[in-house]
């Protein structure tokens, strides 16, 4: 079995649905990070059968809201001195600021540089968000 | 930005009591306008029209002048700092120092909402793209209240383009809150009321919905007939348009079986969907409706400025 050593300090994004790891890696723009990063794919999991894992060393800075939009099975583990200090279960955010673009081309958020798009969750199952400005429904897709 | 400032962005933000108060005050102003001629003396309305409008702009400006107030503003985004790329947020922050209340029409949906987040004076949405036009709905409400004496328990028929008309959607959603008995939806198959609006009504209100294709089928059951324009560009081909167009033209013959106290409304401008011969019928109230628009805006302005 493929072995990857534990990290001393940083974040482990665990329980990523198999196949989503690379998409999340790209969405979080981890290719631009200067920190050591490992992406594990198709790892055996009791819970999911197979899962993906991302390990980021020496960083705690991650957008949990964005992760919630990407995959709500995820657990984020914070590691210090080789030990787990905090475990966070990710949930789908009820409110999203700035991460989604409104699909309505006539929405003010698509033309006024000052405003940051703001959305309220309409449906957890379909990931539908309602724009707080034009009320159009935008579906988030990974 | 002041959190205690009341704006009118959407009527959904207003309670039934608040809407009723605005409509009732509008009726009082209509009955004796002289009592209100100095209500807004010394106050300034900023009229911010980012796209052309005749009716709504003049209606607001006339309303403010009749309340004894003054007006500043622009009617074309090209003559304002917007043409230099200024954000609505910056424009309104500055206008907040110059005026006491602002009315905004904007081609982008949600622009008045954005302005309200950064404004220390009340903002009135005078139409944002195809999204909302709450003062048109208030106009319709005052018209109904004036002729029917109440906003409740009517059978309202809406005829024409029920798919794209923001006026229609807003009126339906607001009137549903006033215990409307029944909505009759008269439109060609191509322009029926969107499912989302129907679902909204069924999920939230105990109201009967009837869908028909022709006015003749239901004309004798209607209390309020709300006509809208069928736009040629909504059809895939001209043949379909021509086939349907005449079915949705209201004529003297078609309204003969209607109730004597039915009223015929239209948000204007009319093109050909109501024959000119209908104008003389006492049930045709669409020109008065435009007048009520001014009175309801007088009411709204004075309410938002805390004058009444």
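Protein chains in written order, with this note's numbering: chain A, 2 to 143; chain B, 8 to 315. Glycine included, every Cβ here is placed at the ideal spot set by N, Cα and C.
- Contact of residue 113(A) with chain B is assigned, a C-beta pair being separated by under 9 Å.
- In the DSSP annotation of this structure, the continuous segment of the beta strand (DSSP E) that includes residue 42(A) starts and ends at 38–46.
- For residue 136(A), the closest Cβ of chain B is nearer than 9 Å.
- Contacts with chain A (Cβ-Cβ distance below 7 Å) from the region 111–125 of chain B involve 115, 116, 117, 118, 120 and 121, listed in chain order.
- For the region 115–126 of chain A, residues whose beta-carbon sits nearer than 7 Å to a beta-carbon of chain B comprise 115 and 116.
- When 9 Å is used as the limit between beta carbons, residue 95(B) is near these residues of chain A: 109, 113, 115 and 116, in chain order.
- The beta carbons of residue 187(B) and residue 212(B) sit closer together than 9 Å.
- Inclusion of residue 114(B) and residue 131(B) in the CB contact set at 9 Å is not warranted, their separation being larger than that value.
- Taking residue 192(B) as reference, the option from 53(B), 214(B) and 185(B) with the minimal CA-CA separation is 214(B).
- Closer than 9 Å at the C-beta level to chain A, one finds these residues of the region 132–152 of chain B: 135, 136, 137, 138 and 139.
- Beta bridge pairing from DSSP links residue 166(B) with 193(B) and 234(B).
- Using a Cβ-Cβ distance cut-off of 8 Å, the region 34–51 of chain A and the region 99–115 of chain A are not in contact, since fewer than three pairs of beta carbons, one from each stretch, lie closer than that value.
- For residue 105(A), the chain B residues whose C-beta falls within less than 7 Å of its own C-beta are 116, listed in chain order.
- Around the CB of residue 130(A), 16 or more other CB atoms lie within 10 Å, so the residue is classed as buried.
- For residue 133(B), the enclosing beta strand (DSSP E) starts and ends at 130–135.
- Across the structure, residue 71(B) and residue 47(B) are spaced so that their CA atoms are roughly 7 Å apart.
- Judged by DSSP secondary structure, residue 16(A) falls within the beta strand (DSSP E) whose first and last residues are 11–18.
- In the three-state reduction of the DSSP assignment, residue 174(B) falls in the helix class, which pools H, G and I.
- For residue 120(B), the enclosing alpha helix (DSSP H) has its first and last residue at 118–125.
- For residue 124(A), DSSP records a beta bridge to 129(A).
- Closest in C-alpha terms to residue 170(B), from the list 54(B), 159(B), 107(B) and 196(B), comes 196(B).
- By the Cβ neighbour-count rule, residue 4(A) is exposed, with fewer than 16 other Cβ atoms within 10 Å of its own.
- Assignment of residue 60(B) by DSSP, reduced to helix, strand and coil, places it in the coil class.
- With 16 or more other CB atoms across the displayed protein chains lying within 10 angstroms of its CB, residue 95(B) is buried.
- When the Cα atoms are used, residue 127(B) and residue 304(B) turn out to be separated by approximately 20 Å.
- Counting only the Cα atoms, residue 106(A) lies some 38 Å from residue 13(A).
- Residue pairing from DSSP places residue 113(B) in a beta bridge opposite 135(B).
- Contact annotation, residue 236(B) with residue 292(B): C-beta distance approximately 17 Å; criterion of less than 8 Å not satisfied.
- Taking the CA atoms as reference points, residue 269(B) sits about 46 Å from residue 96(A).
- Contact between residue 216(B) and residue 30(B) does not hold, since their C-beta atoms are separated by about 24 Å, which reaches or exceeds 8 Å.
- By the Cβ-count criterion, residue 39(A) is exposed, with fewer than 16 other Cβ atoms from all chains shown falling within 10 Å of its own Cβ.
- Taking residue 296(B) as the centre and dropping the five residues before and after it, the same chain places the C-beta of 146, 147, 150, 272, 273, 274 and 275 closer than 8 Å to its C-beta, in chain order.
- Exposure of residue 284(B) is indicated by the presence of fewer than 16 other C-beta atoms within 10 angstroms of its C-beta.
- Residue 79(A) is bridged by DSSP to 12(A) and 87(A).
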